[in-house]
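As structure tokens, the structure follows; a few thoughts come after it.
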Amino acid sequence: MSTLNIISHIFPASLERRIPGQGGRLRIAANSYVTTDIDTKNNNDKISLVFAHATGFHKELWNPIIKKLHEQRHQWNGGDIWTLDCSNHGDSALLNKDVLPNIEWPDFSRDILQLIDEAKIKKPIIGIGHSFGGASMLMAETIRPGTFASIIAIEPISHPIHIKRSRMNDATVKKRRDRWPDR
1 MSTLNIISHI
11 FPASLERRIP
21 GQGGRLRIAA
31 NSYVTTDIDT
41 KNNNDKISLV
51 FAHATGFHKE
61 LWNPIIKKLH
71 EQRHQWNGGD
81 IWTLDCSNHG
91 DSALLNKDVL
101 PNIEWPDFSR
111 DILQLIDEAK
121 IKKPIIGIGH
131 SFGGASMLMA
141 ETIRPGTFAS
151 IIAIEPISHP
161 IHIKRSRMND
171 ATVKKRRDRW
181 PDR
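If you're matching positions, the sequence shown starts at 1 in full-length UniProt numbering and goes up one per residue.
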């Protein structure tokens, strides 16, 4: 029986941003999921997975699914598995708490590509994302075509290019609660 170990990593974010300190760079928290069993299959044939969370969530959201995938890894030729936090979510937000600028959606897409480069994640790669994470996977593939063999976008926030973001939508988002009472 093999064990699935979770290893935490910190990588530089993708873009130089005008941020005081840290050399003008945000940091991204990521997890890799490593199995302890010895596998004799060729590692070049293994499928790598990269997971991206939705707005308001964090990388550990995927842990139950990753555990199930780990249990069935021989059925899908499982290789590297990675999750990452957007720079203003989860552990990344804690790393960047003193310097967080406004984040644009393409920033998470570029940070996904940065993770793939920095961690040297091997192809074929399947990108998996929910909502904002799904849209970010799609944008990452648009930025760098051929990065992903497949993308599983669960309820991605996407729309035709000709639709502009409305001010009404911005106002609605600004009215959302950001504080919740403790139970």
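Glycine included, every Cβ here is placed at the ideal spot set by N, Cα and C.
The Cβ atoms of A52 and M137 sit closer than 7 Å to each other.
When DSSP assignments are scanned along the segment 29–96, the uninterrupted stretches of beta strand (DSSP E) that are 3 or more residues long and fall wholly within it turn out to be 47–52 and 78–84.
Between the segment 99–119 and the segment 141–160, the count of C-beta pairs closer than 8 Å reaches three or more; the two stretches touch. Fewer than three Cβ pairs drawn from the segment 99–112 and the segment 55–62 lie within less than 8 Å of each other, which leaves the two stretches out of contact. For the pair W76 and A153, the Cα-to-Cα distance works out to about 19 Å. In the three-state DSSP reduction, G134 falls in the helix class (H, G or I). Residue burial is scored here from C-beta neighbours: P101 has fewer than 16 other C-beta atoms within 10 angstroms and is therefore classed as exposed. In the structure shown, the three-state DSSP call for S158 is coil.
Taking a C-beta distance under 7 Å as the contact criterion, P124 and I65 do not qualify as a contact pair. For S2, no alpha helix (DSSP H) run applies, since DSSP gives it neither H nor E.
Pairing H74 with S158, the inter-Cα distance amounts to about 33 Å. In this structure G134 is buried. Its beta-carbon is surrounded by 16 or more other beta-carbon atoms within 10 angstroms. Here L49 is buried. Its C-beta has 16 or more other C-beta atoms within 10 Å.
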